[in-house]
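Please read the structure below before turning to the comments.
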Amino acid sequence: MSGVAIAFWVLAAVAVVTSLLVITSRNPVASVLYLVITFFCLAGLFVTLHSHFLAAIQVLVYAGAIMVLFLFVVMLLNLGTPQWFDVAGTPVKFAALVLGVGFVGALVAAGVGDFEPGASGPAAGVDPDVLGSTEAIASALYSAYYLPFLVTALLLLVAMVGAVVLARRER
Amino acid sequence: MSEIGVGHYITLSAVLFTIGAIGVLTRKNAIIVFMSIEIMLNAANLAFVTFATAIGDLGGMVMVLIVIAVAAAEAAVGLAIIVAMFRHRETVNIEAFSTMRG
Amino acid sequence: MEHLIWLVPAFPLGGVLINGLFGRRLGKGAVGFIGPGVVGAAFVVSLVLFLDLVGRAPEARQLTQTLYSWIAAGDFQANIGFLVDPLSATLMLVVTGVGFLIHVYSVGYMHDEDSAGFARYFTYLNLFTFAMLLLVMADNFLLLFVGWEGVGLCSYLLIGFWFKDRDNATAGKKAFIVNRVGDFGFLLGIFLIFGSFGSVAFADVFPTAASVLAPGGDLAFWICLFLFVGAVGKSAQIPLYVWLPDAMAGPTPVSALIHAATMVTAGVYMVARSHALYDLAPDVLAIVAGIGAATALYAATIGLVQTDIKKVLAYSTISQLGYMFLGVGVAAYAAGIFHLVTHAFFKALLFLGAGSVIHALHGEQDLRRMGGLKPIMPVTYWTMLAATLAIAGIPPLAGFFSKDEILWRAWDAGHPVLWALGFVTAGLTALYMFRLFFLTFHGPFRGTAEQRQHAHESPASMTVPLAVLGVLSVIGGWIGIPPAIGEFLGGVPNAIEAWLAPVFLSAHGEAGHAAEAHAVPPAEYALMAASVAVATLGILAARHLWLARPEVPQRIAARFQVPYTILRNKYWVDELYDALVVRPYNALSRFAWRIVDEGLIDGLLVGGTAKVVQMQSRAMSGWESGSIPTYVMVFFGGAIVILAYYLFG
Amino acid sequence: MSAYLSAILFFPILGALLLAGIPGANRTAIRQATLAISTIHFLIALPLWWLYDPTGAEYQFVERVDWIPSLGVQYYLGVDGVSVLLTLLTALLTPLAVLGSWRYIDRHVKEFHILLLVLTTGMLGVFFALDLFVFYVFWELMLVPMYFIIGVWGGEQRIYAAVKFFLYTFIGGLLMLVGILALYFQHERATGTFTTSLPDLLGASVPGELQLALFLAFAIAFAIKVPMFPFHTWLPDAHVQAPTAGSVILAGVLLKMGTFGFYRFAMPLFPEAARDALPWIAGLAVVGIIYGAMVALVQPNVKKLVAYSSVSHLGFVMLGLFALNATGVQGSVIQMINHGLSTGALFFICGMLYERRHTYDIEDFGGLSAVMPVFAVLFMIVTLSSIGLPGLNGFVGEFLILVGMFQTHPWMTGVATAGVILAAYYMLRMFQRVMFGPVDREANKGLTDLSGREIAILLPLVALIVWIGVYPAPFLARTEPSVERFVERVAGEGFEAPPDLVEIAPARGAESERENETRDGEETETP
């Protein structure tokens with residue numbers, strides 16, 4: 189059992205547990221914090237997959253920025269107190285559960301688990317670490333995927349403007 | 019415990035995705051629904067990264083970046099809407115907002 | 039002489055254009071001159087052509103002229119071409135001759151119309167003459183059909199001339215539509231002819247008729263029958279005669295010209311013209327003769343009880359036409375045409391005489407309110423007497439020779455039953471004609487005092503034509519003296535028979551009946567004597583009933599109540615047609631419109647699909663419930679389905 | 374490669390642009406301008422009559438320019454004998470329509486006239502198109518202006534009528550589009566080249582049942598436009614609600630799109646299918662003739678009566694087309710022109726009555742012949758032309774159709790010929806109730822006779838009605854070669870000789886049958 193395996197199982201378990209807690213906890217603030225933990229686990233998993241840059245981004249952007257935003261909004265609208273209406277009726281819950289289990293069961297049954305990357309495995313001579321490194325991603329980003337990069341930038345701009353406009357208090 | 023293969027990551031991603039989905043289905047608090055969506059997105063990211071490293075194609079990595087960016091944008095706008103909704107109806111229960119029905 | 043032919047129809051057409059376009063401005067005088075003038079000119083040209091034909095050898099008596107190719111499409115070809123041969127020359131003379139007299143008469147008769155109406159009247163009359171000449175002179179079936187419908191149109195226009203009165207317009211419409219029923223048959227006949235011969239020109243059809251059509255075969259049968267349907271429609275035979283009595287709604291000269299002398303005889307002319315076809319269909323000839331005889335008797339019976347002077351003459355015309363068809367039906371074409379000619383003379387005279395009486399009594403047409411006009415209207419009296427004697431068939435007047443010839447031919451051709459029908463009708467004709475004559479001119483005047491005061495002889499422009507026609511009615515018969523009498527008068531030939539022989543010769547190769555010089559069988563004399571006897575009997579009975587003992591007819595009518603009312607109501611044929619044909623058709627049309635069109639198609643199919651679409655869309659909109667969780671549920675369910683299909687599909 | 378056709382085609386559009394310049398308020402200026410434009414357009418198109426050489430090539434004044442090379446679509450125009458006549462009819466009716474709506478249209482005058490000119494282009498495009506794509510574009514283009522003309526300037530339920538008109542034709546159009554596409558790909562599969570040009574498509578033959586399906590797709594689209602029996606219910610509504618000019622153009626030209634479509638596209642492209650479907654379509658045509666005549670009889674509204682009469686008349690045209698011999702098809706082509714003239718004139722007359730009494734109900738009229746003599750004469754001539762009186766144009770067409778069709782389908786033609794009687798019945802009944810009888814309604818007494826303008830509208834139509842009736846040779850000569858090619862392409866050799874005429878007569882009594890048996894042998898039949 190190599191170090192990576194242990195790390196994987198631990199991180200996976202924590203991620204699953206915390207995300208379950210996110211959707212089940214009464215108190216929104218608690219679920220925000222659990223979500224932060226989930227994101228950290230994911231970042232760790234990225235590291236086990238040798239993509240260190242993405243792990244960093246994950247932590248910075250998701251855990252740092254977005255969750256802070258959530259927390260901010262929850263605090264601003266003092267939604268901290270558990271809401272009575274929050275959880276749906278039992279039939280809906282039951283249906284959702286069945287659906288979810290069914291979905292996962294279908295995937296596992298379809299042999300997702302033993303999926304082999306097939307012939308096109310890591311191309312010979314490409315070191316996974318180099319692959320995950322920042323320069324590789326940066327060079328790809330500015331060459332082949334330049335257009336998506338620009339579009340995303342534009343999208344972010346639009347989102348900012350949108351957010352400001354929507355959230356502004358009418359005078 | 020054999021070598022951790024791509025399958026494990028994918029299964030994990032599926033599980034996380036499902037949890038996110040169940041969250042969206044069951045919870046009526048807009049914020050929680052929002053967070054479940056974030057979980058689902060991250061599950062997808064995980065799958066992307068797994069396949070990217072598995073077949074050595076940077077496309078996956080770039081995709082994750084984009085997804086994160088999009089998620090950020092979506093969160094910003096979403097939360098702005100929630101704030102606007104809250105101001106309008108004093109609640110974030112999504113049941114209250116059904117004026118758009120047919 | 040060929041180059042003159044086109045002038046004959048051109049003159050009336052010229053009259054139509056001048057009167058039609060400038061009539062109102064020219065004033066009644068000019069219109070009154072142009073109208074008859076052009077017909078007179080046409081008569082002169084016809085006479086010239088007639089004399090030219092007489093001058094030629096019998097076989098060469100044929101003048102043709104083709105103006106231009108009218109319709110040429112695919113293998114169908116029809117020209118505007120004229121054929122003047124003894125048959126059409128005779129008809130041309132009758133149409134233009136009698137027509138001219140009637141035009142002159144009309145100037146007097148219609149003088150109290152306003153200038154617009156006067157011009158319109160003469161335009162229509164000239165248009166009629168033009169169409170009738172087209173019909174008679176055409177050298178192919180299509181042009182004949184053009185003339186055929188043209189005269190139908192003119193009769194529609196002229197019957198409904200005083201259109202302010204709704205009944206006149208309805209009578210006109212009825213005439214046109216019943217004619218159209220006949221024309222429908224005619225059209226089918228033309229199609230069959232074109233189908234069999236590949237052409238509609240007489241020159242292509244008649245000479246090759248025997249070879250193309252199997253004698254007695256189905257094709258010949260159907261062609262002739264369809265053509266005869268057209269003839270029945272136009273010449274008012276059973277069952278399509280109903281329009282002629284109503285056609286009396288038109289001015290009297292119109293009745294004289296169209297519904298007595300010319301148009302109604304078009305059917306006889308057409309059958310005679312296509313004798314080559316009819317000879318190949320003996321069954322149809324039998325039908326023609328049968329219908330002719332039946333119509334003669336049938337119309338005579340109705341004529342007996344009519345009280346309107348013009349209605350009596352109308353039924354008399356139908357009866358006489360029946361005679362002509364009887365003659366043509368027993369393949370005695372020349373006899374049929376001969377009767378047509380003589381009938382044109384005396385029937386036109388009868389109508390004009392009646393017109394003169396009506397004119398004098400200011401529109402009074404009911405026999406029961408006339409009488410004793412002899413001293414007041416001598417010219418009308420004597421001319422009407424001549425005509426009545428002629429139609430009754432009293433020798434030596436015209437009617438005797440032509441009617442007797444037909445009766446003899448019917449007997450000679452081995453149709454004793456038809457002869458009997460004709461014989462009885464001859465008696466009835468004499469009876470009802472003299473009934474009319476005595477009721478009008480003899481006995482006490484039954485009209486109002488004011489009418490008696492105004493009654494006066496018609497002006498010269500009306501009495502002169504009467505006189506001319508009177509003379510024609512007397513001497514008209516002498517052109518067709520049968521050999522039986524000819525020998526006594528020093529070998530006078532049967533002029534008209536010889537004259538028309540070449541046209542009908544080509545039919546069955548051997549010489550016509552007339553040419554046989556064999557001894558006249560005694561039977562002919564017997565029949566001749568019999569027909570004269572029955573005619574005089576009719577006259578005496580009429581004198582007895584309506585002159586000597588006027589109250590007798592009332593008693594007879596009272597005793598035979600049922601047959602009298604049947605005849606009085608014209609066997610209810612009009613009502614029958616109305617109930618059996620017109621009303622159901624209208625009902626069916628309403629049904630078609632309301633139920634099929636608006637109900638079925640618009641309501642059910644079109645409207646139905648529209649409603650279905652609406653219902654569907656309303657149902658669909660129910661799903662948009664607005665609750666976000668249901669949306670997500672559906673969304674996620676869909677995703678799973680697709681995934682499942684993709685994984686396991 | 375003269376641009377003559379394009380000039381004719383796009384001149385109205387230029388005119389429409391010119392109109393846009395004139396201020397909307399100045400109504401008379403707009404009317405005069407449109408009249409000038411449409412008259413000039415007619416003069417531009419008129420030389421087609423002399424320049425078109427019947428003995429020349431099948432399609433003349435051809436213009437062929439690549440439009441969308443990748444799809445094999447070309448801007449391909451050309452005219453044959455039939456489309457020359459229809460073009461001239463369109464070019465003649467437009468100025469008359471403008472004249473006809475001088476006082477009738479008083480709202481949005483500028484928009485109306487612009488739409489009218491655009492409509493003209495749409496129609497001409499259909500007659501000129503030799504490329505299916507171009508044809509389809511103009512087929513749909515023509516729909517829009519007519520929709521607005523009915524929808525905006527129509528009567529009370531104009532919206533219903535306009536929408537119904539639009540949907541009916543549009544659905545037909547879609548069906549046809551599917552047909553075009555299927556043909557397009559089938560042609561590619563057969564010959565490997567993508568093309569939508571008619572002559573090339575005519576070359577390749579389409580296999581059996583696909584051909585029937587494609588033929589039906591085209592046939593239904595055109596049958597709706599003709600309109601043929603089951604699809605006709607949009608016509609009366611559209612006509613009653615449309616303004617005079619709209620009705621005239623709708624009846625005069627738009628209905629001919631359907632029959633022209635059969636002549637130019639549906640039948641030549643799918644000859645075998647056309648022959649198989651012949652009994653059905655001819656049967657429907659006959660039903661249309663009788664049904665149209667019957668329903669017309671009981672119409673209280675004179676415009677609806679004329680609309681149903683159009684259904685009956687075009688039933689004749691369809692019958693002629695399916696006679697599959699030169700005589701019948703010539704008759705049907707000349708009848709298309711005749712119907713345009715006589716029914717166009719009839720709708721003008723309805724318009725004139727409406728302008729005076731603001732009603733189309735026959736009951737409101739009566740005895741007008743005394744009040745309006747000139748009107749009576751012209752109305753009489755047009756009515757007689759419509760019931761096919763010999764000597765006028767209607768007869769020439771109807772007779773040729775019937776005589777042509779009789780050679781191949783005697784029984785069907787027998788029934789159709791009965792239509793001649795029914796036509797006389799409903800037209801004369803209407804004519805009598807409008808024109809004859811006493812002038813019993815007060816309002817009718819003061820009616821003014823035709824004005825100069827109105828006479829100017831009817832005179833050219835009546836002149837043509839008489840000309841075609843008396844001397845149709847020049848018209849027939851121009852369409853003869855095109856019709857011959859059509860017949861030879863559709864009838865081809867496969868079409869068996871018409872049934873022996875003897876059989877058509879039912880056995881009439883036993884003995885004549887026996888006679889026939891013995892002599893059948895040497896009977897020489899020369900159909």
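Residue numbers (our numbering), protein chains in the order written: chain A, 189 to 359; chain B, 19 to 120; chain C, 39 to 687; chain D, 374 to 900. We treat Cβ as the ideally placed atom computed from N, Cα and C, and that holds for glycine. Only a predicted model underlies this, so the values are computations on that prediction, with no experimental measurement involved.
| query | result |
| --- | --- |
| Supposed close pair C/Thr426, C/Phe472 - CB separation, criterion 8 Å | 6 Å |
| Cβ-heavy atom distance, D/Ile403 to the ligand ATP, below 8 Å | Absent from the structure shown: the ligand ATP. Ligands present: none. |
| Short CB-CB distance (under 9 Å) between A/Gly232 and chain B | no |
| Under the three-state DSSP convention, the category C/Phe242 falls into | A small correction: the amino acid at residue 242 of chain C is Asp; Phe does not occupy that position in the sequence shown. Correct three-state label for C/Asp242: helix. |
| Contact set between A/Gly290 and chain C, taken where Cβ atoms lie within less than 8 Å | Ile678 |
| D/Val452 to C/Leu191 span [Cα, whole Å] | 39 Å |
| Enclosing alpha helix (DSSP H) for D/Ala696 [first to last residue] | Premise fails: D/Ala696 is in no alpha helix (DSSP H) and is neither H nor E. |
| Reference C/Tyr147, options C/Ile678, C/Thr290, C/Val174, C/Ile666, closest by Cα | C/Thr290 |
| Closer than 9 Å to chain B by CB, A/Ala244 | no |
| Buried or exposed by the 16-neighbour rule on C-beta atoms within 10 Å, applied to A/Ala341 | exposed |
| C/Ser193 beta carbon less than 9 Å from that of C/His297 | yes |
| Start-end ranges of the alpha helix (DSSP H) lying completely within the region 761 to 849 of chain D, minimum 4 residues | 766 to 781, 783 to 808, 815 to 818, 825 to 843 |
| Cβ pair C/Asp722, C/Gly254 closer than 9 Å | The displayed coordinates of chain C run from 39 to 687. Any statement about residue 722 of chain C would go beyond what the structure contains. |
| Identity of the residues DSSP links to C/Leu387 by a beta bridge | DSSP output for C/Leu387 lists no bridge partner at all. |
| Neighbour-count burial assignment, C/Asp205, 16 or more Cβ in a 10 Å radius | exposed |
| Interface partners of C/Phe674 on chain B, CB under 9 Å | Ala39, Val42, Leu43 |
| C/Ala80: first and last residue of the uninterrupted alpha helix (DSSP H) it sits in | 45 to 93 |
| Assigned secondary structure, D/Gly713 (DSSP; H/G/I helix, E/B strand, else coil) | helix |
| C/Met653: contacting residues in chain B (beta-carbon distance under 9 Å) | Those within 9 Å of C/Met653 in chain B number zero; the least Cβ separation is about 15 Å. |
| Within 9 Å, strictly: CB atoms of C/Leu583 and C/Val572 | no |
| Closer than 7 Å at the beta carbon, the chain C residues around D/Phe779 | Phe229, Gly233 |
| With 16 other Cβ atoms within 10 Å as the buried cut-off, status of C/Arg587 | exposed |
| Coarse secondary structure for A/Ser321, derived from DSSP in three states | coil |
| Cβ of C/Lys211 within 9 Å of any chain E Cβ | Protein chains A, B, C and D are contained in the structure displayed, whereas chain E is not. |
| Local Cβ density within 10 Å of C/Ile231, reported as buried at 16 or more and exposed below that | buried |
| Identified DSSP bridge partners for D/Asp504 | D/Ser570 |
| DSSP bridge partner residues for C/Ala110 (one or two, in chain order) | C/Gln115 |
| Sequence-distant residues of its chain with Cβ nearer than 6 Å to A/Thr206 (five each side left out) | Tyr222, Ile225, Thr226 |
| Three-state class that DSSP yields for D/Ser885 in the structure shown | Because D/Ser885 sits at a pLDDT of 37, beneath the cut-off of 50, its placement in the model cannot be relied upon, and the following sentence gives the value as read from the coordinates. In the structure shown, D/Ser885 sits in a helix (DSSP, three-state: H, G or I). |
| Contiguous alpha helix (DSSP H) assignments of at least 4 residues, all confined to the region 139 to 187 of chain C | 153 to 175 |
| Whole-number beta carbon distance between D/Leu775 and C/Leu225, since they are thought to touch under 8 Å | 7 Å |
| As assigned by DSSP and simplified to three states, the class of C/Leu101 | strand |
| Cβ-Cβ distance between D/Arg618 and D/Ile487 below 9 Å | What sits at residue 618 of chain D in the sequence shown is Ala, not Arg. Going by C-beta atoms, D/Ala618 is not nearer than 9 Å to D/Ile487. |
| Pairwise C-alpha distance: B/Arg45 and C/Trp661 | 21 Å |
| Complete alpha helix (DSSP H) runs within the region 600 to 666 of chain D (minimum length 4 residues, chain order) | 607 to 614, 617 to 622, 628 to 634 |
| Contact belief for C/Ala448 with C/Leu456 at Cβ below 8 Å, rounded distance in angstroms | 5 Å |
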